[in-house]
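Residue numbers (numbering that gives the first Met the number 0), protein chains in the order written: chain F, 0 to 401; chain L, 0 to 401.
Virtual Cβ for every residue (Gly too), placed ideally from N, Cα, C.
Keep in mind that this is a model prediction, so the values were computed, not measured.
In what follows, a single structure is set out as structure tokens and then discussed.
There are 2 protein chains.
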Amino acid sequence: MTPEHLSHPSPAPFSFDLIAADRSTWARAGVIHTPHGEVPTPAFCPVGTQATVKALSPRELEELGVPMILGNTYHLYLRPGAEVIARLGGLHRFMAWPRPILTDSGGFQVFSLETLRKVDDDGVTFRSHIDGSEHRFTPEKVIEIQELLGSDIAMVLDECPNPLDYDYNRQALRRTHLWAERCLKAHSRPSQALFGIVQGGIFADLRAESARVLTGMGFDGYGIGGLSVGETKEEMLRTLEGLMPLLPAHKPRYLMGVGSPEDLITCVARGVDLFDCVLPTRLGRNGAVFTPEGRLNLRNAAYREDPRPIQEGCTCYTCRNFSRAYLRHLIIAKEMLGARLNTLHNIHFLQELMRQARKAILEGRYTAFAEEVLGRYRPTDEEARARNRAAFAKAASEKKAL
Amino acid sequence: MTPEHLSHPSPAPFSFDLIAADRSTWARAGVIHTPHGEVPTPAFCPVGTQATVKALSPRELEELGVPMILGNTYHLYLRPGAEVIARLGGLHRFMAWPRPILTDSGGFQVFSLETLRKVDDDGVTFRSHIDGSEHRFTPEKVIEIQELLGSDIAMVLDECPNPLDYDYNRQALRRTHLWAERCLKAHSRPSQALFGIVQGGIFADLRAESARVLTGMGFDGYGIGGLSVGETKEEMLRTLEGLMPLLPAHKPRYLMGVGSPEDLITCVARGVDLFDCVLPTRLGRNGAVFTPEGRLNLRNAAYREDPRPIQEGCTCYTCRNFSRAYLRHLIIAKEMLGARLNTLHNIHFLQELMRQARKAILEGRYTAFAEEVLGRYRPTDEEARARNRAAFAKAASEKKAL
């Protein structure tokens, strides 16, 4: 079989060009070069947990202009297995996605397995959420897995503590840095970039230490872990503001697990280049969709006979063809097409937001752009966010892995 | 909102052109003209139960060359409601499907509600499988619903007995014919065709009587009901062979609820022009896919690392891009994309089979074509079919409606 559109990766090494920096904020525009093509930044990466961005096809993702997706090492290691994917030509070929892929290290998933893990300095032992079998991740192991998957950007193994727990974060940092160094040493694939992950919760001194140690090791880029997992939005932004000046300007900065339209806009202003989050796909499957004014919940009876598209003027396939009434019907009737069409719109919405943000940065008007977007967008209020988070945490603990 | 590709239906009335008849069999090629375009026959119509062909988008269906789909009156009446669909511009616009739609009368679904219905000469009272609410279908009501939906071809209300029960079939026939006449009288939409439905189980005398009575009423086409619901394949074919000479040659013949690749080939040889069935979509969601050699069950561990496409040389999106190993992974991991890609291939397979059958008829070589296809295709054996049917009937009775 010769999958279509699968360009043969050139051996071009990884690099990052910083193209423009905003005058009034820390927002920046750049290009990440990878063996599977370029990623214009700032960029949002949809999550393809199990070698598929839930509900969408690779063709749709390409048509949406998605420049890079994320794959989950934990999930792919367990099923179908990294060796299986390697024998089938690597993750790009396996899932017929010709553009760049970033893989996480599996750390975040393993540390979400509350009762199923045991961590020591050498690594972490855990039980599969699928069949309960016992497994062990070490820094060397997660690098080996990611090299087998053949992603364009790999991440180091890190310990992921509660961001509000100072003592745990302080202790975990030592291990996270030890593991980062071992990942760097184990990493052998020249066509694959490796990013370190800055930890330290919401604590400026710990973040500073983490930034100092990791940038000293010299990674291709820096993930920012341990945010958007329980702290308030103010704490997240303050942490970013303290951290950013300590990261090298010529390396990409990747805020892991974010997020919502408003978070993307505010965090780009703090100097973030890359984002990933399950939010647009998860919301879409549940009938919630983004508009410039905020989220709509299509399950609401108000949309029962609403002939309008989700968003007037939106150019996505969903909005060009289908009414809110139809999308509501599909979600209520539990039809797969509902999840597909909502997800498609949500991904389009975030891609378009990032394209517009980049254009605004290049044109030196990011502040005005951000003010306009945030002035119009009514975020889900903090109370609703807290409820959503609690429900999410509950669901996650029941499913045993995020 | 102006949905794309939604051509405004011309007021062209319904007609059927018989183009070619095979010399050695009763196979025939034709064209059905409808307000939403032409349907070259023989043709297979995927089923869009709840205003969506499960897992696929209208764009995909168009790209697959699907000429017509089926909508279920029972399901659409209950949810979202025929009036809602009418106010939103009719079923074509609601689901953004620009090509012809055939709607059933809901009779088959209602008569599958074993414990939830009460039938009398005037109509049938039933309870919704969704919320238990009570409803009543009469001949006039199902015509009204189908006119609200705006399908290109509507079907009469019929009683659907067990095809092996002579006495029940004989009694039901009287009611079916009475209802057919009332449907014909109630039908008022000139741009919509109305098909009668021949019943009579596997009994030649009853089928002959039903054909005589219904053709006397003068419908635009004739459905053949009560087959492929419990009788053997031999009984089905013998029934078709007895019935076909009694139906007018210049009207389309629609075998309802069929079917499998081998059934399509053998029934086209008996003079059938139209088919519909949930088989390709249902199988696809469960990981079973068609090949020229027979069905594959992709859940089978044998495909765990199989790099081949479902079918070598197949031109569908699935086969051009994805391995059996990947498709197996998606099904095992319960990812929606698995259902999508398998369904896409199965619909492509049946459309391609019908295109090739039509070409063979036009070129006067249908017998050779059918022999080649059937010689290569290993059908699921009768025992497995019986098991599948029993499991299906059980699932259906539990779900309360097919």
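- DSSP, read as helix, strand or coil, puts Leu17(L) in strand.
- Residues of chain L whose Cβ lies closer than 7 Å to the Cβ of Ala81(F) do not exist; the shortest such Cβ separation is about 13 Å.
- Between Gly200(F) and Gly225(F), the beta carbon gap of about 6 Å places them in contact (Cβ cut-off 8 Å).
- In the three-state reduction of the DSSP assignment, Asn71(F) falls in the coil class, being assigned neither a helical nor a strand state.
- Within chain L, no C-beta atom comes nearer than 8 Å to that of Asn71(F); the closest sits roughly 11 Å away.
- The C-alpha of Glu139(L) lies about 7 Å from the C-alpha of Arg181(L).
- Rounded to whole angstroms, the Cβ separation of Val30(L) and Thr72(L) is 25 Å, and the two are not in contact under 8 Å.
- Taking 7 Å as the cut-off, the Cβ atoms of Gly195(L) and Phe218(L) count as close.
- For Cys266(L) and Val277(F), the gap between their C-alpha atoms comes out near 48 Å.
- At a beta-carbon threshold of 8 Å, the residues of chain L lying near Tyr325(F) are Ala50, Leu87, Phe93, Met94 and Ala95, ordered along the chain.
- When the five nearest sequence neighbours on each side are left out, the beta carbons in the same chain lying within less than 6 Å of the beta carbon of Lys117(L) are those of Thr124, in order along the chain.
- Judged by DSSP secondary structure, Glu37(F) falls within the beta strand (DSSP E) whose first and last residues are Gly36 to Thr40.
- A Cβ of chain L is located within less than 7 Å of the beta carbon of Arg78(F).
- Ala332(L) reaches chain F at Gln49 and Arg78, counting residues in chain order whose Cβ is nearer than 7 Å.
- DSSP places Ala287(F) inside the beta strand (DSSP E), whose first and last residues are Ala287 to Thr290.
- Sequence-distant Cβ neighbours of Leu63(L) in its own chain, meaning closer than 6 Å and more than five residues away, are Ile346, His347 and Gln350.
- DSSP places Leu246(F) outside any alpha helix (DSSP H), giving it a letter other than H or E.
- Looking at the DSSP output, Val257(F) shares a beta bridge with Asp275(F).
- Our two residues, Leu373(L) and Arg281(F), have alpha carbons roughly 45 Å apart in a direct line.
- For Val197(F) and Ala207(F), the gap between their C-alpha atoms comes out near 9 Å.
- Within the same chain, and ignoring the five residues on either side of Arg307(L) in sequence, the residues whose Cβ sits closer than 7 Å to its Cβ are Ser322 and Arg323.
- In chain order, Thr48 and Gln49 place their CB closer than 6 Å to the CB of His74(F), counting only its own chain and leaving out the 5 sequence neighbours on each side.
- Relative to Lys53(L), the option among Pro378(L), Pro162(L), Arg375(L) and Leu343(L) whose CA is nearest is Leu343(L).
- The Cβ neighbour count for Glu233(L), taken over all protein chains shown within 10 Å, is under 16; the residue is labelled exposed.
- Here the stretch 33-46 of chain F lies against the stretch 94-110 of chain F, with 3 or more beta-carbon pairs under 8 Å apart.
- DSSP places Thr33(L) in the uninterrupted beta strand (DSSP E) bounded by Arg27 to Thr33.
- The residue among Pro291(F), Ala332(F), Arg298(F) and Tyr325(F) with its C-alpha nearest the C-alpha of Gly312(F) is Pro291(F).
- Cys44(L) is bridged by DSSP to Asp275(L).
- The Cβ atoms of Gly149(F) and Leu90(F) sit closer than 7 Å to each other.
- Residue environment analysis places Glu334(F) among the buried positions, since at least 16 neighbouring C-beta atoms fall within 10 angstroms of its C-beta.
- For Phe289(F), the nearest beta carbon of chain L is not closer than 7 Å to its own beta carbon.
- As the crow flies, the alpha-carbon of Met94(F) is around 34 Å from that of Pro378(F).
- Within its own chain, the residues whose Cβ lies closer than 7 Å to the Cβ of Cys44(L), once the five positions on either side in sequence are excluded, are Met67, Ile68, Leu69, Leu101, Leu273, Phe274 and Asp275, listed in chain order.
- Taking all protein chains in view, the Cβ of Pro189(L) is surrounded by fewer than 16 other Cβ atoms within 10 Å, so the residue is classified as exposed.
- A straight-line Cα-Cα distance of about 7 Å links Ala153(L) and Gln191(L).
- Looking at the DSSP output, Arg252(F) sits in a beta bridge with Tyr221(F).
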